[in-house]
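Chemist: Questions regarding the structure given below will be posed in turn.
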Amino acid sequence: MANTTCAKLTTLCQSDADGVLASIQREAGVTFIEDSTDTDCTLSSFSLSTRCIGDERLKALISAFQNYAYSSPNYAVLVICDDDSERFDGVYSPT
0 MANTTCAKLT
10 TLCQSDADGV
20 LASIQREAGV
30 TFIEDSTDTD
40 CTLSSFSLST
50 RCIGDERLKA
60 LISAFQNYAY
70 SSPNYAVLVI
80 CDDDSERFDG
90 VYSPT
(Lines of atoms letter the chains of each structure in order from A and count residues from 1; the text may use other names and numbers.)
(Lines give C-alpha, C1' and ligand atoms only; values in the text may rest on other atoms or scores of the structure.)
Protein backbone atom coordinates (compact mmCIF):
# COMPACT_ATOMS: atom_id res chain seq x y z
CA MET A 1 0.00 0.00 0.00
CA ALA A 2 1.49 3.36 -1.02
CA ASN A 3 1.93 6.32 1.33
CA THR A 4 1.82 4.12 4.40
CA THR A 5 3.63 4.01 7.72
CA CYS A 6 3.84 0.47 9.10
CA ALA A 7 5.41 -0.46 12.41
CA LYS A 8 5.71 -3.48 14.68
CA LEU A 9 6.47 -3.18 18.39
CA THR A 10 7.36 -6.08 20.67
CA THR A 11 8.06 -6.15 24.41
CA LEU A 12 8.62 -8.94 26.90
CA CYS A 13 5.86 -8.10 29.36
CA GLN A 14 2.47 -6.44 29.22
CA SER A 15 3.43 -3.74 31.74
CA ASP A 16 6.24 -2.54 29.44
CA ALA A 17 3.82 -2.62 26.51
CA ASP A 18 1.16 -0.61 28.35
CA GLY A 19 3.68 2.03 29.41
CA VAL A 20 5.46 2.49 26.10
CA LEU A 21 2.20 2.50 24.12
CA ALA A 22 0.83 5.27 26.35
CA SER A 23 4.06 7.22 25.90
CA ILE A 24 3.94 6.79 22.10
CA GLN A 25 0.28 7.87 22.00
CA ARG A 26 1.08 10.95 24.06
CA GLU A 27 4.26 11.93 22.17
CA ALA A 28 3.50 10.90 18.58
CA GLY A 29 -0.28 10.68 18.51
CA VAL A 30 -0.38 7.18 16.99
CA THR A 31 -2.14 4.08 18.26
CA PHE A 32 -0.86 0.53 17.92
CA ILE A 33 -3.22 -2.47 17.82
CA GLU A 34 -2.43 -5.63 19.77
CA ASP A 35 -1.59 -8.64 17.62
CA SER A 36 -3.43 -11.82 18.46
CA THR A 37 -1.46 -14.98 19.07
CA ASP A 38 -2.33 -18.64 19.33
CA THR A 39 0.73 -19.52 21.37
CA ASP A 40 1.48 -19.34 25.06
CA CYS A 41 4.12 -16.63 24.76
CA THR A 42 5.22 -13.92 27.15
CA LEU A 43 6.02 -11.49 24.33
CA SER A 44 3.52 -8.70 23.69
CA SER A 45 3.30 -7.66 20.04
CA PHE A 46 1.55 -4.66 18.47
CA SER A 47 1.14 -3.29 14.94
CA LEU A 48 0.55 0.07 13.29
CA SER A 49 -0.53 0.65 9.70
CA THR A 50 -1.74 4.10 8.68
CA ARG A 51 -1.24 6.84 6.13
CA CYS A 52 2.27 8.25 6.38
CA ILE A 53 2.61 10.16 9.63
CA GLY A 54 5.45 12.49 8.61
CA ASP A 55 8.99 13.08 9.81
CA GLU A 56 8.17 14.88 13.06
CA ARG A 57 5.76 12.22 14.26
CA LEU A 58 8.18 9.47 13.24
CA LYS A 59 10.92 11.16 15.27
CA ALA A 60 8.52 11.44 18.22
CA LEU A 61 7.54 7.77 17.86
CA ILE A 62 11.17 6.61 17.83
CA SER A 63 12.11 8.90 20.72
CA ALA A 64 9.17 7.76 22.87
CA PHE A 65 10.06 4.12 22.19
CA GLN A 66 13.79 4.48 22.80
CA ASN A 67 13.52 6.60 25.95
CA TYR A 68 10.87 4.60 27.80
CA ALA A 69 12.09 3.00 31.07
CA TYR A 70 11.56 -0.70 30.27
CA SER A 71 11.80 -3.39 32.93
CA SER A 72 13.20 -5.73 30.22
CA PRO A 73 14.86 -3.46 27.61
CA ASN A 74 16.70 -6.32 25.89
CA TYR A 75 13.37 -7.65 24.62
CA ALA A 76 11.89 -4.41 23.31
CA VAL A 77 12.02 -3.94 19.53
CA LEU A 78 10.44 -1.43 17.14
CA VAL A 79 10.48 -1.98 13.37
CA ILE A 80 9.41 0.86 11.04
CA CYS A 81 8.72 0.91 7.31
CA ASP A 82 7.54 4.26 5.93
CA ASP A 83 6.88 4.96 2.25
CA ASP A 84 7.58 8.70 2.46
CA SER A 85 10.47 8.81 4.95
CA GLU A 86 12.64 5.81 4.15
CA ARG A 87 15.51 7.20 6.23
CA PHE A 88 13.49 6.16 9.31
CA ASP A 89 13.01 2.59 8.07
CA GLY A 90 14.73 0.09 10.28
CA VAL A 91 14.93 -1.75 13.56
CA TYR A 92 15.14 0.24 16.81
CA SER A 93 16.01 -0.77 20.35
CA PRO A 94 15.85 1.19 23.61
CA THR A 95 18.76 3.53 24.35
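For the sequence shown, the positions run 0 to 94 when numbering that gives the first Met the number 0 is used.
Idealized CB from N, CA, C, for every residue including glycine.
For clarity, every value in this text was computed on a predicted model and none was experimentally measured.
1) What's the gap between the Cα of residue 87 and the Cα of residue 21?
2) Output the boundary residues of the alpha helix (DSSP H) element that contains residue 92.
3) Using only the alpha-carbon positions, how far apart do residue 11 and residue 70 sit?
4) Residue 52 CB to nearest chain C CB: under 9 Å?
5) Report the CB separation of residue 29 from residue 3 in whole angstroms; it is logged as a contact under 8 Å.
Modeler: According to the data block:
1) 21 Å
2) Note, residue 92: premise wrong, no alpha helix (DSSP H); not H, not E.
3) 9 Å
4) In the structure shown, chain C cannot be found, because there is only a single protein chain.
5) With a Cβ gap of about 13 Å, residue 29 and residue 3 do not count as contacting.
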